[in-house]
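Per our numbering, the sequence shown starts with residue 375, numbered consecutively.
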Amino acid sequence: MSIFRTPLPVIAAITGIAAGAFTGAAVADEVSDFYSGKQLAIQVGFGAGGGYDTTSRILARHFGKHVPGNPTVIVQNVPGAGSMKLANRIYNSVPKDGSVLGVFSSSAAMVPLYGKRKAKFDTSKFEWIGSIHSDVMACGVWKGARQGIKTLPDFVAAKKPIIFGSTGVTSPLSTFPLFLKNVLGANVKVVHGYRGTKGVSLGMQNGELDGTCGMFESSVRGAFFPSFKSGDLTLFVQLGTTRNVPLFGNATNVFTMLKTEEQKQMARLLFGPSEITRPFTAPPGTPKARVAALRKALLNTMKDPALVADGKKIKTTFKPMGGAEVAAAFAAFYRTPRALVDKTYELTITRKNPRKKKK
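(1) Are the segment 518-529 and the segment 684-701 touching by the rule of at least three beta carbon pairs closer than 8 Å?
(2) Please give the ranges of any alpha helix (DSSP H) in the segment 415-447, keeping only runs that are unbroken, at least 4 residues long and fully inside the region.
(3) Hey, does isoleucine 537 have any beta-carbon neighbour from chain C nearer than 7 Å?
(4) List the endpoints of the continuous alpha helix (DSSP H) containing phenylalanine 538.
(5) With hydrogens ignored, establish whether the beta-carbon of threonine 586 is closer than 6 Å to any heavy atom of the ligand ADP.
(6) Distance check for serine 575 and threonine 750, CA to CA, integer angstroms please.
(7) Determine whether the beta carbon atoms of glutamate 501 and alanine 703 lie at a separation below 7 Å.
(8) Contact defined as beta carbons within less than 8 Å: I believe glutamine 612 pairs with asparagine 627. What is the distance between those atoms, to the nearest angstrom?
(9) State the CB to CB distance for the pair serine 457 and serine 430, rounded to an integer number of angstroms; the pair is presumed to be in contact (CB under 8 Å).
(10) Which residue's Cα is closest to the Cα of glycine 411: Ile432, Glu649, Pro442?
(11) Specify, as a first and last residue, the run of the beta strand (DSSP E) that methionine 640 falls within.
(12) At the level of alpha carbons, what is the spacing between isoleucine 650 and lysine 693?
(13) Please determine, among Phe495, Ser467, Gln417, Lys670, the residue with the shortest C-alpha to C-alpha distance to proline 453.
(14) Using only CA atoms, which one of Thr549, Phe654, Leu714 lies nearest to phenylalanine 437?
(15) For isoleucine 432, which residues from the same chain have a beta carbon less than 6 Å from its beta carbon, with the 5 sequence-adjacent residues on both sides left out?
(16) Per the DSSP calculation, asparagine 627 is bridged to which residue(s)?
(17) Relative to the alpha-carbon of glycine 696, which residue among Gly596, Asn674, Gly605 has its alpha-carbon at the smallest distance?
(18) Flag this pair as yes or no: are the beta carbons of serine 592 and histidine 507 separated by less than 7 Å?
(19) Taking only runs that begin and end inside the segment 501-557, name each unbroken alpha helix (DSSP H) of 4 or more residues, in chain order.
(20) Over the uninterrupted beta strand (DSSP E) stretch that includes threonine 651, give me the two end residues.
(21) Would you mind reading off the limits of the alpha helix (DSSP H) that contains valine 665?
(22) Leaving out five residues before and five after glycine 659 in sequence, what residues of the same chain have Cβ atoms less than 6 Å from its Cβ?
(23) Do lysine 572 and glycine 476 have their C-beta atoms within less than 7 Å of each other?
(24) Assuming cysteine 420 and methionine 511 form a contact by the criterion Cβ under 8 Å, report the distance between their Cβ atoms to the nearest whole angstrom.
(25) Please report how far the alpha carbon of methionine 676 lies from the alpha carbon of arginine 652, in whole angstroms.
(26) Beta-carbon within less than 6 Å of leucine 668's beta-carbon, same chain only, minus the 5 sequence neighbours each way: which residues are those?
(27) To the nearest angstrom, how far is the alpha carbon of alanine 395 from that of aspartate 407?
(28) Please classify alanine 395: does DSSP put it in a helix, a strand, or coil?
(29) For my contact list, leucine 526 and phenylalanine 610 are in at a C-beta cut-off of 8 Å; report their separation, rounded to the angstrom.
(30) Below 8 Å, can you find three or more Cβ-Cβ pairs linking the segment 617-625 to the segment 706-726?
(31) I'd like to check one pair, proline 546 with serine 481: are the Cβ atoms closer than 7 Å?
(32) Output the distance between the C-alpha atoms of glycine 605 and aspartate 403, rounded to the nearest integer angstrom.
(33) So, do the segment 488-499 and the segment 576-590 have three or more beta carbon pairs nearer to each other than 8 Å?
(34) Quick one, which of Thr718, Lys439, Val485, Thr691 has its alpha-carbon nearest leucine 460's?
(35) Given proline 661, which residues of its chain have a CB within under 6 Å of its CB, disregarding the five upstream and five downstream residues?
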């Protein structure tokens, strides 16, 4: 018999480490077993060809190899109501097992705060996987809206109505120009019913529209860059709550023209969520182990050299946010005082002004 005896605490520690390792391996195996040989769908709340669609398809090319079990990843477009249609669908209708994920606008995720009945979801209960970008938005006009507009003061001083296009009433394409109208006094009209940013871009090019709001920095570097570089598209205001974007040049930061603290608080509530750019979520009830694996997979995908290279091809640099960070950011916005929420809603949500179909 050995004269050396292993102390009981050491035995317990070794046993605990072994058990923990076994448990961790078992969880990893469960996630891998679930996704192995399966199809994972990323549903996008906007039409094909726009910024959400393009970046989601780039993500899909590389995401599967970072998810345990290496599922085949596909992209499906579910456009409608500024991506509200998809937000409702992910919350209520898709399997709650991590086989279907959604990418919709942060403005859609904010709709329940304003008490809109069309929102059939609780933002705090989504299983946020992360955000593909953390961006700043801008608004622009096509060929100066035929009024020589180059800056926000020019925009506010314009005599003729400046017509913007939007997907729906809750989209930044609608709420942002209405903020400029109702807070700064700009002469703005918003027309609804366009299919994503691509549809709005075509509307500007064919003379239906004068401008667009809600352009991410990544979109300006990508889909909008040829028009921006040629000078056809002039960015007149940027909407960053904490920083300016050098790419946007002389575009006025909206905060420089806000006169009261209340106006600035409303602007932070309205424009701040857009910095959670293209949030990515699983439905509530998705098993926690799969959520954790998907969160890790998203961040690893964002660092994948192949994805970075694909992003450069469309002049996009990915700036991701983690799932816990996204959840905390939305929670902070939802703590906004009710009176301020109600006033922001009153100033930025309008009845739908449908686009007239050409005969």
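Virtual Cβ for every residue (Gly too), placed ideally from N, Cα, C.
So, to answer that:
(1) The segment 518-529, when compared against the segment 684-701, does not touch it at the 8 Å Cβ threshold.
(2) The qualifying runs are 425-437.
(3) The question asks about chain C, but that chain is absent: this structure has only one protein chain.
(4) Numbered from its first residue, the sequence shown carries residue 538 at position 164. That residue, phenylalanine 538, is in no alpha helix (DSSP H); its beta strand (DSSP E) goes 536-540.
(5) With respect to small molecules bound, the structure shown includes none, and the ligand ADP cannot be examined in it.
(6) No answer is possible for residue 750: the residues shown for the chain start at 375 and end at 733.
(7) On the sequence shown, position 127 is the one that residue 501 refers to. On the sequence shown, position 329 is the one that residue 703 refers to. Going by C-beta atoms, glutamate 501 is not nearer than 7 Å to alanine 703.
(8) Taking the sequence shown and counting its residues from 1, one reaches residue 612 at position 238. Taking the sequence shown and counting its residues from 1, one reaches residue 627 at position 253. Contact between glutamine 612 and asparagine 627 holds: CB atoms are separated by about 6 Å, below the 8 Å threshold.
(9) Taking the first residue of the sequence shown as position 1, residue 457 is located at position 83. Taking the first residue of the sequence shown as position 1, residue 430 is located at position 56. Your pair serine 457 and serine 430 does not check out as a contact, with CB atoms roughly 12 Å apart and the cut at 8 Å.
(10) Locating residue 411 in the sequence shown gives position 37, counting from the first residue. Pro442 is the residue among Ile432, Glu649, Pro442 whose C-alpha sits nearest the C-alpha of glycine 411.
(11) As a working note, residue 640 is residue 266 in the sequence shown. Segment 635-645 is the alpha helix (DSSP H) holding methionine 640; no beta strand (DSSP E) there.
(12) Along the sequence shown, one-based indexing puts residue 650 at 276. Along the sequence shown, one-based indexing puts residue 693 at 319. Distance from the CA atom of isoleucine 650 to the CA atom of lysine 693, rounded to whole angstroms, is 10 Å.
(13) As a first step, residue 453 is located in the sequence shown; it is residue number 79 there, counting from the start. Closest option to proline 453, Cα to Cα, is Gln417.
(14) For the purposes of this step, residue 437 is taken as residue 63 along the sequence shown, with counting starting at 1. Ranking the options by Cα distance to phenylalanine 437, first place goes to Phe654.
(15) Indexing the sequence shown from 1 puts residue 432 at position 58. Contacts found: Asp684.
(16) The residue labelled residue 627 in the question sits at position 253 within the sequence shown. Partner(s): Gln612.
(17) Translated into positions along the sequence shown, residue 696 becomes position 322. Answer by Cα proximity: Asn674.
(18) Here residue 592 corresponds to residue number 218 of the sequence shown, with the count starting at 1. Here residue 507 corresponds to residue number 133 of the sequence shown, with the count starting at 1. Cβ distance < 7 Å, so serine 592 and histidine 507 count as in contact.
(19) Under the rule that a run must span 4 or more residues, the alpha helix (DSSP H) segments found entirely inside the segment 501-557 read 526-531.
(20) Position 277 of the sequence shown, counted from the first residue, corresponds to residue 651. Where threonine 651 is concerned, the enclosing beta strand (DSSP E) stretches over 651-656.
(21) Along the sequence shown, read from residue 1 onward, the residue named residue 665 stands at position 291. From DSSP, the alpha helix (DSSP H) with valine 665 extends over 662-676.
(22) Start at 1 with the first residue of the sequence shown, and residue 659 comes out as number 285. Lys470.
(23) In the sequence shown, the residue the question calls residue 572 occupies position 198. In the sequence shown, the residue the question calls residue 476 occupies position 102. No, Cβ-Cβ distance for lysine 572 and glycine 476 is not below 7 Å.
(24) Position 46 of the sequence shown, counted from the first residue, corresponds to residue 420. Position 137 of the sequence shown, counted from the first residue, corresponds to residue 511. Correcting the residue identity first, residue 420 is phenylalanine in this sequence and not cysteine. Not really, about 15 Å apart at Cβ, beyond 8 Å.
(25) Here residue 676 refers to the residue found at position 302 of the sequence shown. Here residue 652 refers to the residue found at position 278 of the sequence shown. Taking the Cα positions, methionine 676 is about 13 Å away from arginine 652.
(26) The residue labelled residue 668 in the question sits at position 294 within the sequence shown. Same-chain partners within the cutoff: Ile503.
(27) Along the sequence shown, read from residue 1 onward, the residue named residue 395 stands at position 21. Along the sequence shown, read from residue 1 onward, the residue named residue 407 stands at position 33. Confidence at alanine 395 is low in this model, with a pLDDT of 46, below 50, so the placement of that residue is unreliable and no value is reported for it.
(28) Here residue 395 refers to the residue found at position 21 of the sequence shown. In this prediction, alanine 395 scores a pLDDT of 46, lower than 50, which makes its location untrustworthy; no coordinate-derived value is stated.
(29) Residue 526 sits at position 152 when you count from the first residue of the sequence shown. Residue 610 sits at position 236 when you count from the first residue of the sequence shown. The C-beta separation of leucine 526 from phenylalanine 610 comes to about 6 Å, placing the pair in contact by the 8 Å criterion.
(30) Here the segment 617-625 does not lie against the segment 706-726, with fewer than 3 beta-carbon pairs under 8 Å apart.
(31) Residue numbering aside, residue 481 sits at position 107 when the sequence shown is read from its first letter. Residue numbering aside, residue 546 sits at position 172 when the sequence shown is read from its first letter. Taking 7 Å as the Cβ cut-off, serine 481 and proline 546 qualify as a contacting pair.
(32) Locating residue 605 in the sequence shown gives position 231, where the first residue counts as 1. Locating residue 403 in the sequence shown gives position 29, where the first residue counts as 1. Distance between the alpha carbons of glycine 605 and aspartate 403: 54 Å.
(33) Counting C-beta pairs closer than 8 Å gives fewer than three between the segment 488-499 and the segment 576-590, which falls short of the contact rule.
(34) Residue 460 sits at position 86 when you count from the first residue of the sequence shown. It is Val485 whose Cα lies nearest to the Cα of leucine 460.
(35) For the purposes of this step, residue 661 is taken as the residue at position 287 of the sequence shown. Scanning its chain for C-beta atoms nearer than 6 Å, with the 5 sequence neighbours on each side dropped, one finds no residue around proline 661.
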